[in-house]
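First up is the structure itself, then whatever we jot down about it.
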Amino acid sequence: MCKKIDLTKIRLFAMDVDGTLTDGKIYMGEEGELFKAFQVKDGLGIKLLRLHKILPVIITGRCSGILMNRCRELGITEVYQDVKDKASVMQKLRAKYNLAVDETAYIGDDLNDLPAMKEAGVVFAPADCGKQILPFVDIHLTKKAGDCPVREAVDLIMDAHQFDLSDYKDF
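Per my numbering, the sequence shown runs over residues 1367 to 1537.
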């Protein structure tokens, strides 16, 4: 029996970072400094979530000041870094916001995301995700990591809600 997916129920959209919001590569400078590249279109998608009262959340196993700067720019207030147990974070978020499982979504790209995926109502994954997670993915996106898979997922949610383009006048 196929799982019924209702994107209109989503009130929380949780995201992994490396391999979803970024291309998954770790860029290191000569002095050990890290660099990340983020897609502007993903950022606008995150702003669309906020505009429509869907809470964007970051859950990542790494820790990065660069990520915190980007989250501040986008107004993401729920940021969890250096996470070893992503499932626990999803459970705590559901309890904090009094959400049912089917009101949550998660986008991730590999095995380290699987525990969080099992705690989400709808699971998205970029086109180039690890093949081992595919049985747990509800919507396998066409965009690769770092090439706007988050925006693609957000657009699917916006389309499901049939939001009017006039909602976007202040971007």
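Built from N, CA and C at the ideal position, the CB exists for glycine as well.
Next item on the list: For Ala1453, name the three-state secondary structure that DSSP assigns.
Entry: Secondary structure of Ala1453 (DSSP, three-state): helix.
Next item on the list: Say whether chain D places a C-beta atom closer than 7 Å to the C-beta of Val1520.
Entry: Absent here is chain D; the protein component of the structure consists of one chain.
Next item on the list: In the DSSP assignment, find the alpha helix (DSSP H) that holds Glu1444 and state where it starts and stops.
Entry: According to the DSSP assignment, Glu1444 belongs to no alpha helix (DSSP H) but to the beta strand (DSSP E) extending over 1444-1446.
Note to self: Given a cut-off of 7 Å on the beta-carbon distance, is the pair Ala1526 and Ile1473 in contact?
What the structure shows: Taking 7 Å as the Cβ cut-off, Ala1526 and Ile1473 do not qualify as a contacting pair.
Check: How would you call Thr1470, buried or exposed, if buried means at least 16 neighbouring beta carbons within 10 angstroms?
Finding: Buried, since its Cβ has 16 or more Cβ neighbours within 10 Å.
Notebook entry, point to check: How is the alpha helix (DSSP H) around Ile1523 delimited, first residue to last?
Noted result: Counted as a single uninterrupted DSSP element, the alpha helix (DSSP H) harbouring Ile1523 occupies residues 1515-1527.
Item checked: CB of Gly1496 within 7 Å of CB of Leu1477, strictly -> It is a contact, given that the beta carbons lie within the stated cut-off.
Check: With a CB to CB cut of under 8 Å and the five nearest residues on each side skipped, what residues in its chain are close to Lys1419?
Finding: Excluding five sequence positions before and after Lys1419, the CB atoms of its chain that fall closer than 8 Å to its own CB belong to Arg1377, given in chain order.
Check: Alpha carbon to alpha carbon, how far is Leu1500 from Cys1514?
Finding: Put simply, the backbone Cα of Leu1500 is about 19 Å away from that of Cys1514.
Notebook entry, point to check: Whole-angstrom Cβ separation of Thr1388 and Ala1511, contact assumed at under 8 Å?
Noted result: Confirmed, about 7 Å.
Note to self: Let me confirm a value: Asp1408 is counted as buried when at least 16 other C-beta atoms fall within 10 Å, else exposed. Which label applies?
What the structure shows: Counting the other Cβ atoms within 10 Å of the Cβ of Asp1408 gives 16 or more, which makes it buried.
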